[in-house]
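Protein chains in written order, with this note's numbering: chain Y, 203 to 424; chain F, 203 to 424.
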DNA sequence: CACCGTCTGTACCAAAAGCTACACAGAGGT
DNA sequence: ACCTCTGTGTAGCTTTTGGTACAGACGGTG
């Protein structure tokens, strides 16, 4: 695979010719996959990461080992966190793991800084990416403090389910996502099943009554 | 007060002459103070806010009315949230309240956009401000999910105490800050007093044993 | 088919945090 | 001096969440 895949990505479509050449010379594509993390806390960042295909999961790990997802990075998006570390010369403060079959482009720090200096479109993309991340983190924070676990689980199901209403995730993965434990997820899931909102299977959850789930969330609070 | 106070602020010291003029014509200074919020969720943002003096508190309000501080904005910093809404044309998703005796500069949207286009230093400031915010939110999220309330309270005391080891905050304010209720803060405070870590008074908490508090936090988790 | 690792279901107990209710204490105004 | 408002101290109960322990179910592999 060449960097042309990268150039066709949204953020880079409006680059000037000089910018394109810079990108071609500097960018590197890499194949990633679970379970090895591709970034760890404290690691120094060598450049800006863009997701070409697949998805990255950025998460925190508590001292006791429980995880909690901070946000996902989808194709065409950049790991603003790394970007962050890039501009502030700070160390990366979280873990990043790739979904299966993920391709990531790494644009070395100096190259990206130069692009940022010269290309308006890159400035825009950068600010917008940071903005978006701020909103996501904000939402996450508000969710954590305003909603109960069952509501957050319902939300997770609704948001990540496929169009067919299926979610291919083990309960352990859901627990990691929400920052809780598997047992709790199992317990909450039992209630959801009892209400007829979902059906559970090995590694998959099927939504039977999306409105019911939505109703759970709509009811204010904790 | 004139906008010269604004120009002497860190972010604007390196402006070109044109930028300065733009700033002088466009910026407006305003005095703010509690308890009236100066920004509310859904409000459309008319420009970028910079804190000249005092402090702004950005917080979320849950449906049940409990608050939780997201972050503070100190002098020389900008309300990146507003910035955010400015670039994304999104509505402001949180509440902002000023401490007593706070001066805020409002740079109208079009003016700020023009400054961002033309002035490298403004681009830098913007990205850096967004970056910093991302880190703060990240930390906050990690704290919420990894630490118990008593640890977070200890942390609050240590971080916000004056050099003399005093914190001039009511327990209600601490509760709002942590996203909990006053009673819980009182209960936790009793334990801290029992351990001899702090002394409480009306509207003020004195730290007697900072190491003890720090020890609380150091012990991993939840 | 037997085995084994992974995933799910569930029962029970413990800890943390929220809620309600009320007493008291200090500060400031009349 | 009295009253009121705001802030603090405390008790007891409920709900939510976490932790431990174990049983059973499913799927893949030899």
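Every residue, glycine too, gets a C-beta built ideally from N, C-alpha and C. On a predicted model such as this, the values are computed, not experimentally measured, just so you know.
Close-in-space but distant-in-sequence residues of the same chain around residue i (CB under 7 angstroms, 5 per side omitted)
i, result
"residue 228(Y)", "309, 310, 313"
"residue 328(Y)", "285, 318"
"residue 388(Y)", "373"
"residue 419(F)", "353, 356, 357"
"residue 392(Y)", "none"
"residue 216(F)", "323"
"residue 416(Y)", "360"
"residue 402(F)", "391, 395"
Residue i and residue j closer than 8 angstroms at C-beta
i, j, result
"residue 339(Y)", "residue 343(F)", "yes"
"residue 231(F)", "residue 254(F)", "yes"
"residue 292(F)", "residue 351(F)", "no"
"residue 322(F)", "residue 359(F)", "no"
"residue 367(Y)", "residue 307(Y)", "no"
"residue 377(F)", "residue 347(Y)", "no"
"residue 409(Y)", "residue 363(Y)", "yes"
"residue 224(F)", "residue 316(F)", "yes"
"residue 333(F)", "residue 289(Y)", "yes"
"residue 213(F)", "residue 256(F)", "no"
"residue 375(Y)", "residue 325(F)", "no"
Exposed unless 16 or more other CB atoms sit within 10 angstroms - verdict on residue i
i, result
"residue 295(Y)", "buried"
"residue 233(F)", "exposed"
"residue 304(Y)", "buried"
"residue 361(Y)", "exposed"
"residue 382(F)", "buried"
"residue 302(Y)", "exposed"
"residue 370(Y)", "exposed"
Residue-level contact to chain F via CB, residue i, 8 angstroms cutoff
i, result
"residue 379(Y)", "no"
"residue 376(Y)", "no"
"residue 364(Y)", "no"
"residue 253(Y)", "no"
"residue 348(Y)", "yes"
"residue 418(Y)", "no"
"residue 426(Y)", "Residue 426(Y) is absent from the model: chain Y starts at 203 and stops at 424."
"residue 358(Y)", "no"
"residue 272(Y)", "yes"
"residue 295(Y)", "yes"
"residue 373(Y)", "no"
8 angstroms CB neighbourhood of residue i in its chain, flanking five on each side removed
i, result
"residue 414(Y)", "397, 398, 399"
"residue 335(F)", "273, 282, 283"
"residue 250(F)", "280, 281, 284, 285, 288, 308, 309, 311, 314"
"residue 220(F)", "320"
"residue 264(F)", "270, 381"
"residue 386(Y)", "351, 377"
Cβ shell of residue i (< 6 angstroms), same chain only, five flanking positions each side left out
i, result
"residue 372(Y)", "405"
"residue 151(Y)", "What the structure shows of chain Y is the stretch from 203 to 424, and residue 151(Y) is not part of that stretch, so it cannot be assessed."
"residue 258(F)", "275, 298, 300"
"residue 252(Y)", "280, 307"
"residue 241(F)", "294, 298"
Interface flag, residue i vs chain Y, CB-CB below 8 angstroms
i, result
"residue 328(F)", "yes"
"residue 284(F)", "no"
"residue 321(F)", "no"
"residue 289(F)", "yes"
"residue 344(F)", "yes"
"residue 314(F)", "no"
"residue 336(F)", "yes"
"residue 332(F)", "yes"
"residue 299(F)", "no"
"residue 262(F)", "yes"
"residue 216(F)", "no"
"residue 325(F)", "yes"
"residue 265(F)", "yes"
- Message: Going residue by residue through the region 256–302 of chain Y, where are the continuous alpha helix (DSSP H) segments of at least 4 residues, counting only ones entirely within it?
- Response: Listed in chain order, they are 282–290.
- Where are the beta strand (DSSP E) runs, 3 residues long or more, that stay fully inside the region 341–413 of chain F, in chain order? If we require 3 residues or more, the beta strand (DSSP E) runs fully inside the region 341–413 of chain F come out as 400–403, 406–409.
- Item | Every unbroken alpha helix (DSSP H) within the region 300–333 of chain Y, with a cutoff of 4 residues, ordered by chain | 311–320, all fully within the region 300–333 of chain Y.
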